[in-house]
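The structure under discussion appears below in the form of structure tokens.
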Amino acid sequence: MKLEEIASLINGEVQGLPPETYIVSIGTDSRMVDRGGLFFALKGENNDGHNFIRQAINNGAIGAVMHNRLPYPGIIVKDTTDALFNLSSGIRERYPIPLIGVAGSSGKTTSKELIYLVLGRKFRVIRSEGNQNTQFSLPIMVFKTPRCEIAVAELGIRKPGDMNLLARITRPTTVVFTHLDREHMEFFGSFEDVIREELSIIEEIDGLKVIYNRDDENLKNLNGTSYGIESDSDIRGFSIKVHSEGTSFRVMYPDGEVFEVNIRAFGRHMVEDALAALAAGWVYGIPGEPAIKALESFIPIWGRMEPVKLSNGTLVIFDGYNANPLSMKRALETVSSLDFNRKLYILADMLELGSETEAAHRDLGYMLKYADGDIILIGESMAITHQILGERSIHFKDLALALSYIKENIYKYDMVLIKGSRGMKLEGIMEAVQK
């Protein structure tokens, strides 16, 4: 996209560069900007991007979008944050390719990656990378959409009003709902507020196609294309078997055709994510056989039920990216269904639950009472869980205190689950035991 087109979309003034200069990408991190890209100098609570323009240019940026008239090439605007949002919404209006937004409390990133694989069997497709799911990261992907035929974006909310903004800057043509559960409760008054926020996108976008998980009690009454396991869905999974190499299941399509599926990932919830991708493929005209071949090429994502073999053969399932009551329950159910003799559960705090923190960790304790393995608990909130379990568990206040014990004992087990919120930094365990 040419610099002058960007300037017209954000009502800016070009400075120090020919207007016809071609911009390959945009970025908001001066350390990660592409060569030939345009750096947006955003002003946040703790940092001002204007202080990093020189670093961005030294790293390859061709110029910057700034609201101070500094001696750098680029575009001058009134407000760089508004400019970023306006550029994204302007591109979506000018180049309205189909865009699938993936929403929900859990399963978004994996579902997005699986949808990306399935759509790639027919289309030139782009998706938001990694866990880029905010109003500041999604415009980076949207900038590249004019070069593609279809896009997939993960939509992550943290507080009331977020979905409205994400809808504005991505303008989805289809939304996929995974699961709704308690998330970021310190910012929401109640679970009902979370549900209301997630579903508000349906009202925000006229003519939005909806794909939804009919097994979810809070989604089952939506209109659109449904997927699920327990319910009578348009795309239905059944005969699920979790084993040491992953998960197998069968899927029935709306026309009655049935296929066998094998994925290199663990758990019933992974089947639901796969069904979401097959439903998206169905909506966009991709038949069962190529869609399933795409699923079978999936490689598990870092920190999301990721299988890792230690040097002695111990299988570790590392799920340290996120944790809420639902994802914790599903991880425990998955591991309990696997046939290993000696299991170890290493579980850390579920963060950002607000007033529901105590109840959630107490409920986890009751859930773990009959766990088929040893239990290590890490974190201040896990002390609540430990009170319920008593001698059934060992508790450490923080990861630093737990590491030496874990390093000494982890190799005794055939199978280990490591699960907790991202803020608990459980990757430190993986680094320690893989040395």
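Each number in the numbering used here corresponds to the 1-based position in the sequence shown with 848 added. Ideal Cβ placement from N, Cα and C applies to all residues, glycine included.
From residue 965 to residue 992, what does the alpha carbon distance come to, in whole angstroms?
In the sequence shown, counting from the first residue as 1, residue 965 sits at position 117. In the sequence shown, counting from the first residue as 1, residue 992 sits at position 144. Distance between the alpha carbons of residue 965 and residue 992: 18 Å.
Between the stretch 1145-1152 and the stretch 1111-1121, do three or more beta carbon pairs fall short of 8 Å?
yes
Between residue 1050 and residue 990, is the Cβ-Cβ spacing less than 7 Å?
Counting from 1 along the sequence shown, the entry for residue 1050 is found at position 202. Counting from 1 along the sequence shown, the entry for residue 990 is found at position 142. Against a cut-off of 7 Å, the Cβ pair of residue 990 and residue 1050 comes out as no contact.
Sequence-distant residues of its chain with Cβ nearer than 7 Å to residue 1060 (five each side left out)
Sequence index remark: in the sequence shown, residue 1060 carries index 212 (1-based). Correct list, in chain order: 1025, 1067, 1070, 1072, 1074.
Please state if the CB of residue 901 and the CB of residue 884 are separated by a distance shorter than 7 Å.
Along the sequence shown, read from residue 1 onward, the residue named residue 884 stands at position 36. Along the sequence shown, read from residue 1 onward, the residue named residue 901 stands at position 53. No, the Cβ-Cβ distance between residue 884 and residue 901 is not below 7 Å.
For the stretch 932-961, list the beta strand (DSSP E) runs that are entirely contained and at least 3 residues long, ordered along the chain.
947-951
Report yes if the C-beta distance between residue 1083 and residue 1127 is below 7 Å; otherwise report no.
Against the sequence shown, residue 1083 aligns to sequence position 235. Against the sequence shown, residue 1127 aligns to sequence position 279. Cβ distance < 7 Å, so residue 1083 and residue 1127 count as in contact.
To which residues of the same chain is residue 1122 closer than 7 Å at the C-beta, ignoring the five residues directly before and after it?
Within the sequence shown, the letter at position 274 stands for residue 1122. Here the set comprises 962, 1109, 1111, 1143.
Starting from the Cα of residue 863, find the closest Cα among 913, 887, 896 and give me that residue.
Position 15 of the sequence shown, counted from the start, is the residue given in the question as residue 863. If we check each option's Cα against that of residue 863, 913 comes out closest.
Nearest-angstrom Cα distance between residue 906 and residue 1005?
Taking the sequence shown and counting its residues from 1, the one referred to as residue 906 is at position 58. Taking the sequence shown and counting its residues from 1, the one referred to as residue 1005 is at position 157. In this structure, the alpha-carbon of residue 906 lies about 34 Å from that of residue 1005.
Cα-Cα separation between residue 925 and residue 933, rounded to whole angstroms
As a first step, residue 925 is located in the sequence shown; it is residue number 77 there, counting from the start. As a first step, residue 933 is located in the sequence shown; it is residue number 85 there, counting from the start. Separation of residue 925 and residue 933 (C-alpha to C-alpha, rounded to the nearest whole angstrom) is 13 Å.
Have a look at the DSSP bridge pairing and note the partners of residue 863.
Residue 863 sits at position 15 when you count from the first residue of the sequence shown. The partner list for residue 863 (beta bridge, DSSP) reads 922.
As assigned by DSSP and simplified to three states, the class of residue 1000
The residue labelled residue 1000 in the question sits at position 152 within the sequence shown. Strand.
Given a cut-off of 7 Å on the beta-carbon distance, is the pair residue 1013 and residue 1001 in contact?
In the sequence shown, the residue the question calls residue 1013 occupies position 165. In the sequence shown, the residue the question calls residue 1001 occupies position 153. Contact flag unset, no.
Quick one: any contact between the stretch 1261-1276 and the stretch 1149-1168, if contact means 3 or more CB pairs under 8 Å?
yes
What beta strand (DSSP E) runs, 3 residues minimum, are completely inside the stretch 965-1040?
973-975, 998-1002, 1022-1025
Residues bridged to residue 1263 (per DSSP):
By 1-based counting over the sequence shown, the position of residue 1263 is 415. For residue 1263, which the question treats as bridged, DSSP gives the partners 1163, 1191.
Buried or exposed (CB count within 10 angstroms, at least 16 for buried), residue 937
Against the sequence shown, residue 937 aligns to sequence position 89. Around the C-beta of residue 937, 16 or more other C-beta atoms lie within 10 Å, and the residue is accordingly described as buried.
State yes or no: is the C-beta of residue 851 within less than 7 Å of the C-beta of residue 865?
The residue given as residue 851 occupies position 3 in the sequence shown. The residue given as residue 865 occupies position 17 in the sequence shown. Yes, Cβ-Cβ distance for residue 851 and residue 865 is below 7 Å.
Beta strand (DSSP E) segment containing residue 1094, residue limits
In the sequence shown, counting from the first residue as 1, residue 1094 sits at position 246. Residue 1094 -> beta strand (DSSP E) spans 1094-1100.
Could you check the C-alpha separation between residue 969 and residue 1139 for me, to the nearest Å?
Numbered from its first residue, the sequence shown carries residue 969 at position 121. Numbered from its first residue, the sequence shown carries residue 1139 at position 291. Using only the alpha carbons, I get a separation of about 7 Å.
Name, in chain order, the residues that DSSP records as bridge partners for residue 1073.
In the sequence shown, counting from the first residue as 1, residue 1073 sits at position 225. Residue 1073 pairs with 1059.
Contacting residues, own chain, Cβ-Cβ under 8 Å from residue 1162 (five flanking each side not counted)
By 1-based counting over the sequence shown, the position of residue 1162 is 314. Result list for residue 1162: 1258, 1259, 1261, 1262, 1263, 1264, in chain order.
To the nearest angstrom, report how far apart residue 1237 and residue 1134 are at their CA atoms.
Position 389 of the sequence shown holds residue 1237. Position 286 of the sequence shown holds residue 1134. Approximately 49 Å between the Cα atoms of the pair.
Using three-state DSSP, classify residue 900 as helix, strand or coil.
Mapped onto the sequence shown, residue 900 falls at position 52. In this structure, residue 900 counts as helix in the three-state DSSP scheme.
Identify every residue that forms a DSSP beta bridge with residue 1106.
Taking the sequence shown and counting its residues from 1, one reaches residue 1106 at position 258. Residue 1106 pairs with 1100.
Could you give the C-beta distance for residue 1022 and residue 1131, rounded to a whole number, given that I count them as a contact under 8 Å?
In the sequence shown, the residue the question calls residue 1022 occupies position 174. In the sequence shown, the residue the question calls residue 1131 occupies position 283. So it is a contact: roughly 7 Å between Cβ atoms.
Alpha carbon to alpha carbon, how far is residue 955 from residue 1063? Give it in angstroms, no decimals.
The residue labelled residue 1063 in the question sits at position 215 within the sequence shown. The residue labelled residue 955 in the question sits at position 107 within the sequence shown. Spanning the two alpha carbons is a distance of roughly 14 Å.
Let me confirm a value: residue 1102 is counted as buried when at least 16 other C-beta atoms fall within 10 Å, else exposed. Which label applies?
Taking the first residue of the sequence shown as position 1, residue 1102 is located at position 254. Burial call: exposed.
Using CA coordinates, which residue listed in 855, 1195, 1179, 849 is at the minimum distance from residue 1254?
As a working note, residue 1254 is residue 406 in the sequence shown. Closest by alpha carbon: 1195.
Mapping the DSSP letters down to three states, classify residue 1122 as helix, strand or coil.
To locate residue 1122, count along the sequence shown from 1; it is residue 274. Residue 1122: helix per DSSP, three-state reduction.
Between which residues of its own chain and residue 967 is the CB-CB distance below 6 Å, once the five residues before and five after are set aside?
For this step, residue 967 is matched to residue 119 along the sequence shown. Only 973, 998 meet the Cβ criterion.
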